[in-house]
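*Asks:* In the numbering used here, the protein residues as written are 15 to 370.
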Amino acid sequence: MTQHSAIDPAVMQQRKAYYDKIGSRKLAPLWEVLHALVIPQPKSACQPALWRYDELRDDIMEAGRLITAKEAERRVLILENPGMPGQSRITTSLYAGLQLILPGEVAPAHRHTQSALRFIVEGNGAYTAVDGEKTIMREGDFVITPSWTWHDHGNDSDHPMVWMDGLDIPLVQALDCSFMERLPEDSQPLARPTGDALARYGAGLLPVDHEVRTPTSPVFNYPYSRTREALETMRRADEWDPCHGLKLQYVNPATGQSAMPTIGTYMQLLPKGFTGEAYRSSDATVFSVVEGKGHTMVGEGSTAERFDWGRRDTFVIPSWVPHRHHAPDGDAVLFSFSDRPVQKVLGLWRESRGNR
Ligand code: 1HN
Numbered sequence: 015m016t017q018h019s020a021i022d023p024a025v026m027q028q029r030k031a032y033y034d035k036i037g038s039r040k041l042a043p044l045w046e047v048l049h050a051l052v053i054p055q056p057k058s059a060c061q062p063a064l065w066r067y068d069e070l071r072d073d074i075m076e077a078g079r080l081i082t083a084k085e086a087e088r089r090v091l092i093l094e095n096p097g098m099p100g101q102s103r104i105t106t107s108l109y110a111g112l113q114l115i116l117p118g119e120v121a122p123a124h125r126h127t128q129s130a131l132r133f134i135v136e137g138n139g140a141y142t143a144v145d146g147e148k149t150i151m152r153e154g155d156f157v158i159t160p161s162w163t164w165h166d167h168g169n170d171s172d173h174p175m176v177w178m179d180g181l182d183i184p185l186v187q188a189l190d191c192s193f194m195e196r197l198p199e200d201s202q203p204l205a206r207p208t209g210d211a212l213a214r215y216g217a218g219l220l221p222v223d224h225e226v227r228t229p230t231s232p233v234f235n236y237p238y239s240r241t242r243e244a245l246e247t248m249r250r251a252d253e254w255d256p257c258h259g260l261k262l263q264y265v266n267p268a269t270g271q272s273a274m275p276t277i278g279t280y281m282q283l284l285p286k287g288f289t290g291e292a293y294r295s296s297d298a299t300v301f302s303v304v305e306g307k308g309h310t311m312v313g314e315g316s317t318a319e320r321f322d323w324g325r326r327d328t329f330v331i332p333s334w335v336p337h338r339h340h341a342p343d344g345d346a347v348l349f350s351f352s353d354r355p356v357q358k359v360l361g362l363w364r365e366s367r368g369n370r
């Protein structure tokens, strides 16, 4: 903004008339908006927020009595960032929701250009089928639906299943490249046995003539049992990061890049008694608590908030907001996701530790 208070009212009036005139020719003065467009550091509409699972579980189950998975197409409660109401986003660039599928239900097959992740929050035994292969989902599993792959879900178990969906919807929206199709059948035909992708690509091996054709990982279920075991084995080396504890990123084994091109996914272990140092990064991050309880101090000084979290809770930390994780009472495990791979490939990503 220019300093209007110091400007001669006659000049102001001339400028206003000029803006109106050029406005009718689809022109606008940059100098009136420049300082709001290019700011010294991120100032996001995204707010820190916490969703406690024990407070919202009844609401999810009530949706199960109001509408079927099939009628809804996807029966999901959107985790809506309170700073961006009505925009179906948890951060500026990402969508998240909690999806319920009851025993015997199916969520019919469709595909879209948006990439999706599922992070399993409650229950074991429902399946998702992706591009001709089914995988059975268990708590803590990280499951991928790559862009433009057919996917349908079903629950052949005897209990409800809830998972968190993370999609790059706002990002795709910003680029105006949403495409979507439905299959006439509820379930897609299967082309390969369950477990094929993990065997083929997830054992430190690749088919001898494997060609990388898409940026998304060919492994589409990263089972929690393996992830947890990796963290447990690593802890013996005792090399804790002062901000993150032990933190791993999920990778595409065929490229070494992030498992999904638009969404970075991570799992971290905070050991009992962990007192994290302050950390901030330019990628707003969504956390899902897999094990244990603890708290995260969000922000600095008098405006700092404390998020007390436990198993199955979700919280979000906006871009460039300092935060510290604490796990005073026992080990805690956090899954997280953000748009970091996009920021990195564009050369935009930044982080800082401590008071820098
Ligand atoms: C979608 O396809 C799923 O496949 C979940 O489970 C959530 C939110 C918006 C658009 C598509 C799914 C979605 C979605």
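Yeah, the Cβ is synthetic: ideal placement off N, Cα and C, and Gly gets one too. Just so you know, these numbers come straight off a predicted model, no measurement behind them.
Going by the C-beta, is residue 130 closer than 8 angstroms to any heavy atom of the ligand 1HN?
*Replies:* Locating residue 130 in the sequence shown gives position 116, counting from the first residue. Yes, Cβ of residue 130 sits closer than 8 angstroms to a heavy atom of the ligand 1HN.
*Asks:* Would the beta-carbon of residue 328 be found less than 8 angstroms away from any heavy atom of the ligand 1HN?
*Replies:* If you number the sequence shown from 1, residue 328 lands on position 314. Checking every heavy atom of the ligand 1HN against the Cβ of residue 328, none is found closer than 8 angstroms.
*Asks:* Measuring CB atoms only, is the segment 290-301 touching the segment 105-116, in the sense that at least three cross pairs come out at less than 8 angstroms?
*Replies:* Verdict: yes, contact present.
*Asks:* Taking its Cβ as the centre, do 16 or more other Cβ atoms sit within 10 Å of residue 16, making it buried, or is it exposed?
*Replies:* To locate residue 16, count along the sequence shown from 1; it is residue 2. Here residue 16 scores only 49 on pLDDT, less than 50, and its place in the model is too uncertain to base an answer on.
*Asks:* Cα-Cα, which of 208, 364 and 47 is closest to residue 147?
*Replies:* In the sequence shown, residue 147 corresponds to position 133, counting from 1. Taking only the C-alpha atoms, the option nearest residue 147 is 208.
*Asks:* Within 10 angstroms of the Cβ of residue 257, are there 16 or more other Cβ atoms? Answer buried if so, exposed if not.
*Replies:* Indexing the sequence shown from 1 puts residue 257 at position 243. Burial call: buried.
*Asks:* Just the Cα atoms here: how many angstroms apart are residue 161 and residue 29?
*Replies:* Position 147 of the sequence shown holds residue 161. Position 15 of the sequence shown holds residue 29. Taking the straight line from one Cα to the other gives about 48 angstroms.
*Asks:* Have a look at 338, 43, 74 and 195 and flag the residue whose alpha-carbon is nearest the alpha-carbon of residue 313.
*Replies:* As a position in the sequence shown, residue 313 is number 299, starting the count at 1. It is 338 whose Cα lies nearest to the Cα of residue 313.
*Asks:* Could you check where the beta strand (DSSP E) with residue 322 kicks off and where it finishes?
*Replies:* If you number the sequence shown from 1, residue 322 lands on position 308. Residues 319-323.
*Asks:* What are the boundary residues of the alpha helix (DSSP H) that includes residue 239?
*Replies:* As a working note, residue 239 is residue 225 in the sequence shown. 238-248 is the extent of the alpha helix (DSSP H) around residue 239.
*Asks:* Mapping the DSSP letters down to three states, classify residue 85 as helix, strand or coil.
*Replies:* Numbered from its first residue, the sequence shown carries residue 85 at position 71. In this structure, residue 85 counts as helix in the three-state DSSP scheme.
*Asks:* Which two residues bound the contiguous alpha helix (DSSP H) that contains residue 67?
*Replies:* Numbered from 1 along the sequence shown, position 53 holds the residue referred to as residue 67. Its alpha helix (DSSP H) spans residues 67-80.
*Asks:* Quick one: residues in its chain with C-beta nearer than 6 angstroms to the C-beta of residue 168, no 5 flanking neighbours on either side, listed in chain order?
*Replies:* Indexing the sequence shown from 1 puts residue 168 at position 154. For residue 168, where only same-chain residues beyond five positions count, the Cβ hits under 6 angstroms are 120 and 141.
*Asks:* Per DSSP, residue 110 is paired with what?
*Replies:* Stepping through the sequence shown from its first residue, residue 110 is reached at position 96. Residue 110 is bridged to 180.
*Asks:* Might you give, ordered along the chain, the residues of its own chain that have their beta carbon closer than 8 angstroms to the beta carbon of residue 135, omitting 5 neighbours on each side?
*Replies:* Residue mapping note: residue 135 aligns to position 121 of the sequence shown, counting from 1. These residues qualify, in order along the chain: 67, 112, 153, 176, 177, 178, 302 and 326.
*Asks:* Threshold first: 4 residues or longer. Then list the alpha helix (DSSP H) segments lying entirely within the segment 330-365, N to C.
*Replies:* Counting whole runs of 4 or more residues, the segment 330-365 contains the alpha helix (DSSP H) stretches 354-359.
*Asks:* Tell me the start and end of each unbroken beta strand (DSSP E) in the segment 253-311 that is at least 3 residues and wholly inside, in chain order.
*Replies:* Correct list: 260-263, 278-284, 293-295 and 299-305.
*Asks:* Does the segment 278-292 come within contact of the segment 244-257, defined as at least 3 CB pairs closer than 8 angstroms?
*Replies:* With a cut-off of 8 angstroms, the segment 244-257 and the segment 278-292 count as touching, because enough Cβ pairs lie within range.
*Asks:* Do residue 155 and residue 238 have their beta-carbon atoms positioned less than 9 angstroms apart in this structure?
*Replies:* Counting from one through the sequence shown, the residue named residue 238 turns up at place 224. Counting from one through the sequence shown, the residue named residue 155 turns up at place 141. Cβ distance < 9 angstroms, so residue 238 and residue 155 count as in contact.
*Asks:* Is residue 49 near the ligand 1HN, judged by its Cβ being under 8 angstroms from some heavy atom?
*Replies:* Your numbering for residue 49 matches position 35 in the sequence shown. Every heavy atom of the ligand 1HN is 8 angstroms or more from the Cβ of residue 49, so no.
*Asks:* Please identify the residue among 77, 194 and 84 whose C-alpha is closest to the C-alpha of residue 129.
*Replies:* One-based indexing of the sequence shown puts residue 129 at position 115. The residue with the shortest Cα to Cα distance from residue 129 is 194.
*Asks:* Does the separation of the CB atoms of residue 235 and residue 158 fall below 9 angstroms?
*Replies:* Start at 1 with the first residue of the sequence shown, and residue 235 comes out as number 221. Start at 1 with the first residue of the sequence shown, and residue 158 comes out as number 144. Contact: yes.
*Asks:* Could you tell me the boundaries of the alpha helix (DSSP H) in which residue 37 lies?
*Replies:* Residue 37 sits at position 23 when you count from the first residue of the sequence shown. Per DSSP, residue 37 belongs to the alpha helix (DSSP H) from 23-37.
*Asks:* Going by beta-carbon coordinates alone, are residue 275 and residue 355 separated by less than 9 angstroms?
*Replies:* The residue given as residue 275 occupies position 261 in the sequence shown. The residue given as residue 355 occupies position 341 in the sequence shown. A contact, by the Cβ cut-off of 9 angstroms.
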